[in-house]
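In the working numbering, the protein residues as written are 7 to 354. We put the CB at the ideal spot given by N, CA and C, even for glycine.
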Amino acid sequence: HNLDTGAFLAMSRLSLLFILSIAITCNFMSVHSWVPLHINDIPMANSTDRVALWVLEAPLLYDKLGPVLGLLHLYHMGLGFHNLDTGDKWQVEFDGMPDFIHAVFPTIVTENGTTNVDWESSGAAILYKGINESYWQSAQWKVAELTGDQHNQYIKGFLASVNTTRAFYDLFDVYDEFPAGTRYISSYTCMDFVWESLGWLKDEASVVLDYSQKLKRDFTIFYASQEPPLVDYDGPHHSDIVTFYEMIQGKFKEMNIVHFILELADLLAGHVYVRQGRTDTYHYVPLHKPYFNFKYAYAPMPGQTFTDAEIQMMKHIDEEEQAQVEKNWQMMKMEYRTRFGNPLEKKL
């Protein structure tokens, strides 16, 4: 890590609110330089070249909000490739398209007296020249050193087809309990893309991953009280699905993205409808407490196992960091409610 996470999270109330006020009013896009790269223009490596592979992490929506969502352990993730012999660098990240917000939240459309949920969401791997280290400020893990052939194999064998095979963005996981319970519905986000890439490199290109590295990632979780059944969007659940997403859209319009995230767990109780973009299907998910939350937890890389001692150490670190995140969460929520009111008390 490039950052003392504990020191970053345990900020004074004054410092926290200063960052929060910046997030409310500013846009950070101009701080960072992004040069798009077409897959055919990635510098191919020579067979004997050594290519460092980095897993990169930044606060979620850093280009728009700065570091504020990092205080809640909400992150974006990508991969960086650095040819140690030629100096060539490039990075890849998986994004919701046309942007993160549209990938997560639908619009409500009424035509000819019929109201429908309209999704404009998809997902895509986006390539850029260089590695924008000022953006990837939360963490940079070197997880492998590839040969030139392995580097080229990943580009031709995985990246060349991923925007066809993974043309969706699914934010939510559904568990009965986390992390040891049953995972009913799986997400596919920037972090799932990274893990899938590492698994492909290990299995298909025989890359040896550095298991001395211990990576963490986000999970966005609904807690199901039973296995969520598939429901027919055009059937008896149609009106309830539309009403649910109308509520979500209405509350989102009342708040900015940070305030909405802070209030989301309180907005969701009873049941939700989770759409899976990969199949364009809906699941009816009855919830139990805590209904919904975000978890930033250690996760093994493909093929990696943790010892009992490591698991206990990681659990202790996760619990300490989670306690501080909860403090930040409540402090920020109180500040937003002081400024803008309690959205739960407002009618749509």
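Paired residues, beta bridge with residue i - DSSP
| i | result |
| --- | --- |
| T121 | T116 |
| I227 | D179, N299 |
| V264 | Answer is none; V264 lacks a bridge partner. |
| L236 | H289 |
| K5 | The chain is shown only over 7 to 354; residue 5 falls outside these bounds and no answer can be derived. |
| S128 | M103 |
| P42 | Y134 |
Cβ separation of residue i and residue j, assumed to be a contact under 8 Å, to the nearest whole Å
| i | j | result |
| --- | --- | --- |
| G309 | K208 | 6 Å |
| F199 | A131 | 7 Å |
| F111 | F258 | 6 Å |
| D176 | R284 | 7 Å |
| M320 | Y217 | With a Cβ gap of about 14 Å, M320 and Y217 do not count as contacting. |
| I45 | A211 | At roughly 17 Å, the Cβ-Cβ gap does not stay under 8 Å, so I45 and A211 are not in contact. |
| P49 | D94 | 4 Å |
| V41 | G136 | 7 Å |
| L78 | F300 | 7 Å |
| N158 | A51 | 6 Å |
| G83 | M197 | The sequence shown places Met at residue 83, rather than the Gly named in the question. Contact holds; Cβ gap of about 5 Å. |
Beta-carbon proximity of residue i to residue j, cut-off 8 Å
| i | j | result |
| --- | --- | --- |
| H289 | I191 | yes |
| W125 | V61 | no |
| P43 | Y160 | Before going on, a small fix: residue 43 reads as Leu here, not Pro. The answer is no: Cβ separation not under 8 Å. |
| Q219 | V115 | no |
| G129 | R189 | no |
| Q232 | P292 | yes |
| D224 | L80 | yes |
| W335 | L268 | yes |
| L152 | V213 | yes |
| F298 | I227 | yes |
| A109 | G102 | yes |
| F164 | H265 | no |
| Y342 | D324 | no |
| S203 | L85 | yes |
| V180 | P104 | no |
Closer than 7 Å: residue i CB and nearest the ligand HEM heavy atom
| i | result |
| --- | --- |
| G72 | By its list of ligands, the structure shown contains no ligand whatsoever, and the ligand HEM lies outside what it can speak to. |
Quiz item: Which parts of the segment 57–107 are runs of the alpha helix (DSSP H), unbroken and 4 residues or longer, counting only runs that do not cross its ends?
Solution: 68–71
Quiz item: At a cut of 8 Å, does the segment 127–142 reach the segment 244–256 through at least three beta carbon pairs?
Solution: no
Quiz item: What runs of the beta strand (DSSP E), each 3 residues or longer, lie entirely inside the segment 131–203?
Solution: 145–153, 179–181, 189–191
Exercise. Check whether the segment 181–200 touches the segment 267–277, taking contact to mean three or more Cβ pairs, one atom from each stretch, closer than 8 Å.
Key: no
Self-check item: Runs of alpha helix (DSSP H) lying entirely within the segment 271–351, each at least 4 residues, in chain order
Solution: 314–346
Quiz item: Counting Cβ pairs closer than 8 Å, one from the segment 235–244 and one from the segment 317–332, do we hit at least three?
Solution: no
Quiz item: Can we say the segment 87–98 touches the segment 44–61, given the rule of at least three CB pairs closer than 8 Å?
Solution: yes
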